[in-house]
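Position 21 (the sequence shown) corresponds to 21 in UniProt numbering; numbering is contiguous.
Glycine is no exception: its CB is placed at the ideal position from the N, C-alpha and C atoms.
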Amino acid sequence: MKTLHVLSSSPFSDDRLSSCLRLLGNGDGLLLCGDATYAVRPGTYHAEALAALQGAALYALAEDIQARGLKPAVDIQQVDYPGFVALACQFSKVNTWL
Numbered sequence: 001m002k003t004l005h006v007l008s009s010s011p012f013s014d015d016r017l018s019s020c021l022r023l024l025g026n027g028d029g030l031l032l033c034g035d036a037t038y039a040v041r042p043g044t045y046h047a048e049a050l051a052a053l054q055g056a057a058l059y060a061l062a063e064d065i066q067a068r069g070l071k072p073a074v075d076i077q078q079v080d081y082p083g084f085v086a087l088a089c090q091f092s093k094v095n096t097w098l
């Protein structure tokens, strides 16, 4: 079952991103929103881990990337809110990491 994992907490405040990366399966997706978008900052361990990600698609809310003035260090597909809804419909399951 293909799962869209949604993270919104900063990777610098807890280990949810690391836990999520360990559980990502082939064909899964990871959507970063809110402070989780800080994970794409160049020169961080988190950006390196995301860049090494294989078999899963990587997304971020464009509005949150722009609001934080980030220039992603990783190849990431930026989506808007309607794109977020489309992703949720595309995957069999959505898991929000609260």
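Is residue 81 buried or exposed, if buried means 16 or more other CB atoms sit within 10 Å of its CB?
exposed
List, from N- to C-terminal side, the beta strand (DSSP E) runs of 3 residues or more that fit wholly inside the region 11–49.
Within the region 11–49, the complete beta strand (DSSP E) runs of at least 3 residues are 29–32.
Considering only the alpha carbon of each residue, which of 18, 68 and 67 lies closest to residue 52?
18
For residue 25 and residue 56, the rounded distance between their alpha carbons
7 Å
Just to confirm, are residue 40 and residue 31 a CB contact at a threshold of 8 Å?
Cβ atoms of residue 40 and residue 31: not closer than 8 Å.
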